[in-house]
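S.K.:
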Amino acid sequence: MSSNGTMVKLSGVRKIYDTGKVKVEALRGIDLHVRRGEFMTLVGPSGSGKSTLMNILGCLDVPSEGTYEFDGQRVDRLPVSQLAEIRNRSIGFVFQNFNLLPYSTALENVELPLVFRGLGAKERRKRAAELLEKIGLGDRMEHKATELSGGQMQRVAIARALANNPPLLLADEPTGNLDSASGREIVDLFENLWKAGHTIMIITHDPNLPMRTERTIHLRDGRLEDGAAG
Amino acid sequence: MTLKLFLQYFWRDFRKQKKRATLTVAAIVWGTFSILMLLAFGEGLKDQLGKNQRSLGECIIIVWPGQTSIPYKGLPRGRRIHFRPEDVELIKKSIPEIWRVGAEYSNWGVDVVNGKRVFSQHVTGEYPTYEFMRVQYAERGGRYLNDTDMEFKRRVVFLGYELNKKLFGDEPSVGQTVFIARIPFTVIGVGQNKQQMGMYGGPDVEKATMPATTYQSIFGDKYLDNLVIQPRDAETAELVKSRLYQVLGAKNQFDPADKQALSIWDTIENQKDFSKMMLGMQIFMGILGGLTLLIAGVGVANIMYVVIKERTKEIGIKMALGAKPQTIHNQFLLEALLICFSGGAIGIFISQLICDLASVVPRDPTSSMSWLGNPTISLPIGLITVVILAIIGLTAGYFPARRAARLNPAETLRYE
Chain L
841 MSSNGTMVKL SGVRKIYDTG KVKVEALRGI DLHVRRGEFM TLVGPSGSGK STLMNILGCL
901 DVPSEGTYEF DGQRVDRLPV SQLAEIRNRS IGFVFQNFNL LPYSTALENV ELPLVFRGLG
961 AKERRKRAAE LLEKIGLGDR MEHKATELSG GQMQRVAIAR ALANNPPLLL ADEPTGNLDS
1021 ASGREIVDLF ENLWKAGHTI MIITHDPNLP MRTERTIHLR DGRLEDGAAG
Chain D
86 MTLKLFLQYF WRDFRKQKKR ATLTVAAIVW GTFSILMLLA FGEGLKDQLG KNQRSLGECI
146 IIVWPGQTSI PYKGLPRGRR IHFRPEDVEL IKKSIPEIWR VGAEYSNWGV DVVNGKRVFS
206 QHVTGEYPTY EFMRVQYAER GGRYLNDTDM EFKRRVVFLG YELNKKLFGD EPSVGQTVFI
266 ARIPFTVIGV GQNKQQMGMY GGPDVEKATM PATTYQSIFG DKYLDNLVIQ PRDAETAELV
326 KSRLYQVLGA KNQFDPADKQ ALSIWDTIEN QKDFSKMMLG MQIFMGILGG LTLLIAGVGV
386 ANIMYVVIKE RTKEIGIKMA LGAKPQTIHN QFLLEALLIC FSGGAIGIFI SQLICDLASV
446 VPRDPTSSMS WLGNPTISLP IGLITVVILA IIGLTAGYFP ARRAARLNPA ETLRYE
């Protein structure tokens, strides 16, 4: 696949939550193209379907209707174990609340995706240490997640997202729980990663973040407002 | 996920919830302990009862003379049947399936005297074959009656364990003289102490026994009290019994079909019933223990559901990072198994300890405690317990683990 190929292609994606009593249509027909190497922001108010879209993009959930091509492969009807493999190898997640294992060390947290990939202990350790080193946390490797500051935790989470060197990084409100200084550091980090060749998608409602990315798309009531087709 | 990593996570989680985890394991320990104790004491009881039962004799048939109930060759019904010494020889010669034959005379209230100690006792005259058939084994330093004693009508006596104690206390008795019906007898042996479950005519430990020939010449009994027969093979017991009716019927003039002419106690049948009863008891005890363990297993399953609820977020994170449902499933299944087997191991250890202690504690062979025998954790009991533990662990782990593996990663990540 060329570096300018399509990373993500959503066509007519709908997501309907059926609670038994009521049906909620969270996504009402999304068409979206994301090129390899793009740095984009998805903005929308709460309840617009951001999280649902992120779950589908991240292969954590499947659309009710429509198709999803990830890296040239149809993934909207794959069995759960294959979706798990795609998440492991090709997608890195960064969450608003970090989602680190609290009683594990920074190193163990970064090793986790490598564990599920089936890498040996020595190799895991080496790779995880390298990543933490690179991200400026070489001196915090043996600290438990609970012993780190918010900014440090988010950096550990980013190192973890990068562990298997996935082509796509998905960040859901990555600065939402951070003070402005740490938030800026995190955004800088994403910028550097983009320059290093990663495809990055940030989901946020923060009006300042979009300015720094190449492209911004807006989601409202389960529909994309502009610039969607890319 | 590697085993080392799994154990690391398990241990971390265990320490976070020490009290809860300890209680869960304790329930399994208790369940294992219950099942093992019930089975081990059951085994000990079975061994001991079996031993007690065999103290009457192993695979023997006891025959008493009866009364005819069918007219035979012009003779009326209601005739008494009698056994004479020549009948013993006849049976031995006529029925090849028989291994040993013996007979006895017996008399109650005979004075047995050693100096100033006078007791009114049960005295019998027996055939030497009784040694093996009726488990009349002598204690060290003495012997039972033999063929020479029989042939020469020697005035020798074999004393039961309790009777010997009454007559001689702790003094040595073999070679001493006692008076039976005012006639001096030499003590040639003392019977080993035994707990006797089946008996006729009182316990062997209270008897004074002399050769049947000696007895006959002193007391003048015309007829033997009963016969004791031991077939070569327990399976031929039925055949031997019917042959007995034919042989004795021809000799003593009664119809071989006349069941009341002989009164037969077949201990082989009793022993078969006894084995069945003991097996039934052991199954019953095993079920009781198994139920206790089952309740502990329900506890484990319950805790696993709680653990999974608590760790929903962790499961979500792992799934997002690429853990397959199978990996999550295995993790929780393995945790349940680990709880069951660590609890089981402790339970087995404690049970073995108690069995060892129980067999070390000294017990008087005549006390009621001695009926318990020695509790034993035999290999089959151990294996049964381990298999039950594994089944309970797998069942207790499978359903919670399946729930964990089926969680939707997107929803799990939202869970707080």
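Listed in order, the protein sequences are those of chains L and D. Start counting the first sequence at 841; every next residue gets the next number (the working numbering). Start counting the second sequence at 86; every next residue gets the next number (the working numbering). Beta carbons are placed, not taken as given, at the ideal position from N, Cα and C, and that holds for glycine.
1) Could you say which of L/866, L/847, L/1024 and L/855 lies nearest to residue 1060 of chain L if we only look at CA atoms?
2) Please confirm if residue 412 of chain D has its CB atom under 8 Å from at least one CB of chain L.
3) If you drop the 5 nearest sequence neighbours on each side, which residues of the same chain put their C-beta closer than 8 Å to that of residue 947 of chain L?
4) Whose CA, out of D/216, D/321, D/291 and D/94, lies closest to the CA of residue 247 of chain D?
5) If the criterion is Cβ atoms closer than 8 Å, does the pair residue 202 of chain D and residue 252 of chain D meet it?
6) Would a C-beta distance cut-off of 8 Å place residue 235 of chain D and residue 297 of chain D closer than the cut-off?
7) Establish whether the CB of residue 97 of chain D and some CB of chain L are separated by less than 8 Å.
8) Let me know if residue 167 of chain D comes out buried or exposed under the rule of 16 or more other beta-carbons within 10 Å of its beta-carbon.
9) Is residue 206 of chain D helix, strand or coil when you go by DSSP?
10) Hey, how far is the Cα of residue 938 of chain L from the Cα of residue 944 of chain L?
11) What residues in the region 948-962 of chain L bring their beta carbon closer than 8 Å to a beta carbon of chain D?
12) Since residue 123 of chain D contacts residue 374 of chain D with CB under 8 Å, what's their CB separation in whole angstroms?
13) For chain D, check one thing: does any of its Cβ atoms lie closer than 8 Å to the Cβ of residue 1013 of chain L?
14) Do residue 336 of chain D and residue 160 of chain D have their CB atoms nearer than 8 Å?
15) Alpha carbon to alpha carbon, what distance is there between residue 342 of chain D and residue 163 of chain D?
16) Please report the distance separating the alpha-carbon of residue 157 of chain D from that of residue 232 of chain D.
17) Would you identify the three-state DSSP class for residue 938 of chain L, choosing helix, strand or coil?
18) Would you mind reading off the limits of the alpha helix (DSSP H) that contains residue 1008 of chain L?
19) Report yes or no: is there a C-beta of chain D within less than 8 Å of the C-beta of residue 853 of chain L?
20) Taking only the alpha-carbon atoms, compute the straight-line gap between residue 951 of chain L and residue 921 of chain L and give it to the nearest angstrom.
21) On the three-state DSSP scale, how would you describe residue 1047 of chain L?
22) In terms of residue numbering, what span does the alpha helix (DSSP H) encompassing residue 332 of chain D cover?
23) Which residues in chain D sit within 7 Å of residue 920 of chain L, going by Cβ to Cβ distance?
24) When you compare the region 924-936 of chain L with the region 998-1009 of chain L, are there three or more beta-carbon pairs, one atom per stretch, that lie closer than 8 Å?
25) Could you confirm whether any beta carbon from chain L is found closer than 8 Å to the beta carbon of residue 402 of chain D?
26) Using the beta-carbon of each residue, which ones in chain L are nearer than 7 Å to residue 399 of chain D?
27) Quick check: is the beta carbon of residue 82 of chain D nearer than 8 Å to any beta carbon in chain L?
28) Taking residue 148 of chain D as the reference, which of D/105, D/435, D/181 and D/329 has the closest Cα?
29) Cβ-heavy atom distance between residue 409 of chain D and the ligand ADP below 7 Å?
30) Whose C-alpha, out of L/871, L/872, L/880 and L/858, is nearest the C-alpha of residue 1038 of chain L?
31) Counting along the chain, where does the alpha helix (DSSP H) carrying residue 871 of chain L start and finish?
32) If we define contact as Cβ-Cβ less than 8 Å, is residue 447 of chain D a contact residue for chain L?
33) Which class does residue 492 of chain D belong to by DSSP, given the choice of helix, strand or coil?
34) What residues from chain L crowd round residue 405 of chain D, counting only those whose CB sits closer than 8 Å?
35) Taking C-alpha atoms, which residue in D/402, D/371, D/89 and D/466 lies nearest to residue 900 of chain L?
36) Using the Cα positions of residue 327 of chain D and residue 367 of chain D, report the straight-line distance between them to the nearest angstrom.
M.R.: Looking at the atomic coordinates:
1) Locating residue 1060 of chain L in the first sequence gives position 220, counting from the first residue. Comparing Cα-Cα distances from residue 1060 of chain L to each of L/866, L/847, L/1024 and L/855, the minimum goes to L/866.
2) Reading the second sequence from its first residue, position 327 is the one you call residue 412 of chain D. Yes, contact with chain L.
3) Start at 1 with the first residue of the first sequence, and residue 947 of chain L comes out as number 107. Excluding residues within five positions, the ones whose Cβ falls inside 8 Å are 965, 968, 969, 972, 981 and 982.
4) In the second sequence, counting from the first residue as 1, residue 247 of chain D sits at position 162. In terms of CA proximity to residue 247 of chain D, D/291 leads the group D/216, D/321, D/291 and D/94.
5) Taking the first residue of the second sequence as 1, we reach residue 202 of chain D at position 117. Taking the first residue of the second sequence as 1, we reach residue 252 of chain D at position 167. Contact flag set, yes.
6) Position 150 of the second sequence holds residue 235 of chain D. Position 212 of the second sequence holds residue 297 of chain D. For residue 235 of chain D and residue 297 of chain D, yes; Cβs fall inside 8 Å.
7) Within the second sequence, residue 97 of chain D is the residue found at index 12, counting from 1. Yes - at least one Cβ of chain L is within 8 Å of the one on residue 97 of chain D.
8) By 1-based counting over the second sequence, the position of residue 167 of chain D is 82. Answer is exposed; the Cβ neighbour count stays below 16.
9) One-based indexing of the second sequence puts residue 206 of chain D at position 121. The answer is strand: DSSP assigns residue 206 of chain D an E or B state.
10) Locating residue 938 of chain L in the first sequence gives position 98, where the first residue counts as 1. Locating residue 944 of chain L in the first sequence gives position 104, where the first residue counts as 1. About 13 Å.
11) Among the residues of the region 948-962 of chain L, those with a Cβ less than 8 Å away from any Cβ of chain D are 952, 953, 955, 956, 957 and 961, in the order of the chain.
12) By 1-based counting over the second sequence, the position of residue 123 of chain D is 38. By 1-based counting over the second sequence, the position of residue 374 of chain D is 289. With 8 Å as the limit, residue 123 of chain D and residue 374 of chain D qualify as a contact, their Cβ atoms being about 4 Å apart.
13) Here the question's residue 1013 of chain L lines up with position 173 in the first sequence. Residue 1013 of chain L does not count as touching chain D.
14) For the purposes of this step, residue 336 of chain D is taken as residue 251 along the second sequence, with counting starting at 1. For the purposes of this step, residue 160 of chain D is taken as residue 75 along the second sequence, with counting starting at 1. The Cβ-Cβ distance between residue 336 of chain D and residue 160 of chain D does not fall below 8 Å.
15) Mapped onto the second sequence, residue 163 of chain D falls at position 78. Mapped onto the second sequence, residue 342 of chain D falls at position 257. One C-alpha to the other measures close to 15 Å.
16) The residue you call residue 157 of chain D lines up with position 72 of the second sequence. The residue you call residue 232 of chain D lines up with position 147 of the second sequence. Residue 157 of chain D and residue 232 of chain D: Cα-Cα distance of roughly 37 Å.
17) For this step, residue 938 of chain L is matched to residue 98 along the first sequence. In the structure shown, residue 938 of chain L sits in coil (DSSP, three-state: anything other than H, G, I, E or B).
18) Counting from 1 along the first sequence, the entry for residue 1008 of chain L is found at position 168. Taken as a continuous stretch (DSSP letters only), residue 1008 of chain L belongs to no alpha helix (DSSP H), being part of the beta strand (DSSP E) at 1008-1012.
19) On the first sequence, position 13 is the one that residue 853 of chain L refers to. Contact with chain D is absent for residue 853 of chain L, since none of that chain's Cβ atoms lies less than 8 Å from the residue's Cβ.
20) Start at 1 with the first residue of the first sequence, and residue 951 of chain L comes out as number 111. Start at 1 with the first residue of the first sequence, and residue 921 of chain L comes out as number 81. Residue 951 of chain L and residue 921 of chain L: Cα-Cα distance of roughly 20 Å.
21) Here residue 1047 of chain L is taken as the residue at index 207 of the first sequence, counted from 1. Coil.
22) Reading the second sequence from its first residue, position 247 is the one you call residue 332 of chain D. Looking at the DSSP string, the run of the alpha helix (DSSP H) that includes residue 332 of chain D is 322-337.
23) Indexing the first sequence from 1 puts residue 920 of chain L at position 80. Simply 410.
24) They touch, by the three-pair rule.
25) Sequence index remark: in the second sequence, residue 402 of chain D carries index 317 (1-based). It does; some Cβ of chain L falls within 8 Å.
26) The count along the second sequence starts at 1 and reaches residue 399 of chain D at position 314. Under the 7 Å cutoff, chain L gives 941.
27) Residue 82 of chain D is absent from the structure shown; chain D starts at 86 and stops at 501.
28) Locating residue 148 of chain D in the second sequence gives position 63, where the first residue counts as 1. It is D/329.
29) This structure lacks the ligand ADP; in fact it carries no ligand of any kind.
30) Counting from one through the first sequence, the residue named residue 1038 of chain L turns up at place 198. Measuring from the Cα of residue 1038 of chain L, the nearest candidate turns out to be L/880.
31) Within the first sequence, numbered from 1, the residue matching residue 871 of chain L stands at position 31. Per DSSP, residue 871 of chain L lies in no alpha helix (DSSP H); the unbroken beta strand (DSSP E) holding it starts and ends at 863-875.
32) Locating residue 447 of chain D in the second sequence gives position 362, where the first residue counts as 1. So, not an interface residue.
33) Within the second sequence, the letter at position 407 stands for residue 492 of chain D. Residue 492 of chain D carries a coil assignment under DSSP once its states are collapsed to helix, strand and coil.
34) Taking the second sequence and counting its residues from 1, the one referred to as residue 405 of chain D is at position 320. 898, 900, 927, 933 and 939, listed in chain order.
35) In the first sequence, counting from the first residue as 1, residue 900 of chain L sits at position 60. The shortest C-alpha separation from residue 900 of chain L is found at D/402.
36) The sequence position of residue 327 of chain D within the second sequence is 242, counting from 1. The sequence position of residue 367 of chain D within the second sequence is 282, counting from 1. Near 35 Å, if we compare the C-alpha coordinates of residue 367 of chain D and residue 327 of chain D.
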